[in-house]
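The structure appears right after this line, and notes come after that.
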Amino acid sequence: MQRFSNKVALITGSAGGIGKAAAQRIAQEGGAVFCVDLNEAAVQATVAEITQAGGDATAYACDVSDESSVQACIEACVAKYGAIYALVNMAGILRFDDTCALHSTDWQRVIDINLTGTMYLCRAALPHLIESQGSIVNAASTAALSGLPCGLAYSASKGGVLAMTRSIAVEYAKRGVRANCICPGDIKTDMAKGIAFPDSMDWDLMPRIQSISGPKGAETVAGVIAMLASEDGVHITGEDIRVDGGTLS
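For the sequence shown, position 45 matches number 923 in the numbering used here, and the numbering has no gaps at all.
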């Protein structure tokens, strides 16, 4: 299956986790992938894996929370490949805090990366996506759809991403651009492994963030991303798709 032949995807957060899995999947399907992450060494490693497997990939270091860095990233992708067909925004951070103890700087960092960073990428890429009649896939979360204990900042950021994505979908539908969200749940990633919980965490609430069948790998989300970004998703826009193993079912 070569759904991305002669097409370019810019993928943030591609140093690891879902972003890396999405880059690998789209490259396997014939796409050129512009792999973006703040961790330059790790994103270079992702590109090395893709190219060794015969794919076309380029690494680019970018701070998605910095407006000028994002603009330079978009320009670099277009300079390299001439177009952007798919924008896949997977860069993000997750933290848990007792809401009463949440520091404003920690709140702002989550919002800056998860929500504002996604906006910067969408805004800068949209003129190119209009030209290519392309697609946006943003990372929301099950936290955008249901309460997440001790996850105030993360939930707010992902709820914002979901609402923003729907607005883009409506505004740009007649101009040929689609915009959708994935809402992952219990996925095995390095980010999930490094979670620190506050002492006040009520562990009786943990089933709200655990899948029925147990956590699955990032490749399970990558398959959904590839579908939404490809022509197979041509009549899907403004949608959120849960990949959570039945957590919210």
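Cβ coordinates follow ideal geometry from the N, Cα and C atoms, glycine included.
These numbers were taken from a predicted model, which means no experiment stands behind them.
Query: Beta-carbon proximity check, I1119 vs V1055, cutoff 8 Å; Result: no
Query: Contact check, S892 vs A905, beta carbons under 8 Å; Result: no
Query: Nearest-angstrom beta carbon gap, S1089 and G1037 [assumed within contact, 8 Å]; Result: Not a contact, Cβ separation roughly 21 Å.
Query: 8 Å Cβ shell around P1076 - same chain, five flanking residues per side excluded; Result: F974, D975, D976, A979, C1028
Query: Stretch pair the stretch 922-936 + the stretch 979-995: three plus CB contacts closer than 8 Å; Result: no
Query: Close Cβ partners of H1006 (< 8 Å) along its chain, the five nearest in sequence each way excluded; Result: I952, V956, A961, I962, G1012
Query: Alpha carbon of H881 to alpha carbon of A1057, nearest angstrom; Result: The sequence shown places Arg at residue 881, not His. For R881 and A1057, the distance between alpha carbons rounds to 18 Å.
Query: Beta-carbon contacts of M997 that lie in its chain and below 7 Å, excluding the five residues immediately before and after; Result: M1042
Query: CB contact flag (V1048, G995, <8 Å); Result: no
Query: Range covered by the alpha helix (DSSP H) that runs through T996; Result: 995-1010
Query: Residues that Y938 bridges to, as DSSP identifies them; Result: V914
Query: Per DSSP, the bridge partner or partners of D1118; Result: C1059
Query: C-alpha distance - G909 paired with G933, whole-angstrom precision; Result: 8 Å
Query: Residues that T890 bridges to, as DSSP identifies them; Result: V914, N967
Query: Pick from A969, A1003, C1000, S1127 that is closest to V988, judged by C-alpha positions; Result: A969
Query: Counterpart residues of V1015 in DSSP-defined beta bridges; Result: V966, N1058
Query: Three-state secondary structure assigned by DSSP to K885; Result: coil
Query: Distance between P1062 and G1092 (C-alpha atoms, nearest Å); Result: 13 Å
Query: Cβ-Cβ separation, L965 to A1018 (assumed contact under 8 Å), whole Å; Result: A1018 to L965, Cβ: 15 Å. No contact.
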